[in-house]
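> With this note's numbering, the residue at position 90 of the sequence shown is 90, and numbering never jumps.
The beta carbon of each residue, even a glycine, is placed where N, CA and C say it ideally should be.
Before anything else, here's the structure in question.
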Amino acid sequence: MAFDLPVEGEDGPFVGQNVTAAATCEASTTAGGARRSLDETGADTVIVTDHGLAVGEVDAEVLGGADDGIAVLDVMHPVPSTYRPSVTVSSLAGAHRKRVVVTTPDGRLLGEAQVDPELDGEKMERELSETMEAVADHFGDHEPSDAELRSFLRDRLVAQGRSPEEADQFMADLEDT
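Encoded structure:
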């Protein structure tokens with residue numbers, strides 16, 4: 001999907017199958033310019049780009065309180081959470097997002113995708129079973145410590161397309177439950 005390469009492995013649907021244009025503005029834009037981009041598209045957030053790379057994100061609420069002339073760089077959230085097109089929609093379980101930013105592996109913005117946070121229970125059960133099987137295959141007869149298990153699960157999330165930061169956040173959220 002990214003770089004027009006085929007996807008192997010897990011069954012879809014994939015995030016990349018639902019990519020649409022996102023509201024964007026260049027990093028040199030003012031808050032007023034970013035607000036106009038939101039008004040034109042009806043979006044809730046605008047992705048800040050620099051030469052096609054997603055470098056930040058700012059929502060309508062923040063822009064609403066910013067002076068028109070202030071640089072969007074001063075009010076944006078840097079480094080937005082992004083997903084690769086080959087990430088399965090089901091892997092976003094627990095992400096509590098209805099919209100995700102989709103980029104190529106090198107950070108080029110492809111757009112955004114709407115995802116359904118309500119997942120098919122059968123698919124979730126299959127993924128849980130696959131994860132448990134992967135743990136058993138990886139550790140064999142060795143009983144992993146909590147730290148080893150967390151490290152393995154985090155690495156698996158990254159291998160499935162989440163950024164290291166998103167994987168860390170997912171693991172932190174998992175520990176809170």
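Got a sec? Which residues, its chain only, sit under 8 Å from V19 by beta carbon, not counting five neighbours each side?
P85, V102, L110, G111, E112, A113
> Where does the unbroken alpha helix (DSSP H) through V158 begin, and where does it stop?
146-159
> With a CB to CB cut of under 8 Å and the five nearest residues on each side skipped, what residues in its chain are close to E57?
Excluding sequence neighbours, E57 sits near T45, V46, I47, V48, M76, H77, P80, V101.
> Answer with yes or no whether the minimum CB distance from Y83 to chain E is below 8 Å.
Considering every chain present, this structure includes no chain E. It has just one protein chain.
> Thinking just about the alpha-carbon of each residue, which of T131, G65, F14, D50 is nearest to the one in D155?
For the residues T131, G65, F14, D50, the minimum Cα distance to D155 belongs to T131.
> Sort V89, E40, D74, L174 by Cα distance to K98 and report the nearest one.
V89
> Let me know the secondary structure DSSP gives A21 once reduced to three states.
Correct three-state label for A21: coil.
> Rounded to a whole number of angstroms, what is the C-alpha to C-alpha distance between A66 and A27?
Between the alpha carbons of A66 and A27 lies a distance of about 16 Å.
> Exposed or buried, G16, counting other C-beta atoms within 10 Å across all chains shown (16 or more means buried)?
buried
> Buried or exposed: where does S37 fall if 16 or more other Cβ atoms within 10 Å of its Cβ makes it buried?
buried
> Return the chain-ordered list of same chain residues with a C-beta closer than 6 Å to the C-beta of L92, the five sequence neighbours on each side being excluded.
V115
> Please state the DSSP three-state secondary structure of G69.
coil
> Under 8 Å Cβ to Cβ from V158, same chain only, skipping five residues before and after it: list those, please.
P164, A167
> Looking only at its own chain, which residues have a Cβ that is under 6 Å from the Cβ of E40, when we skip the five neighbours before and after it?
Hits under 6 Å: none found.
> For S64, which of E133, R35, D74, L128 has the nearest alpha-carbon?
The sequence given here places Gly at residue 64; Ser does not occur at that position. Nearest of E133, R35, D74, L128 to G64, Cα basis: R35.
> What residues in its chain sit with their C-beta under 7 Å from that of A147, if we drop five residues either side in the sequence?
none
> Going by beta-carbon coordinates alone, are V72 and T29 separated by less than 8 Å?
yes
> Can the beta-carbon of V87 be found closer than 8 Å to that of F14?
yes
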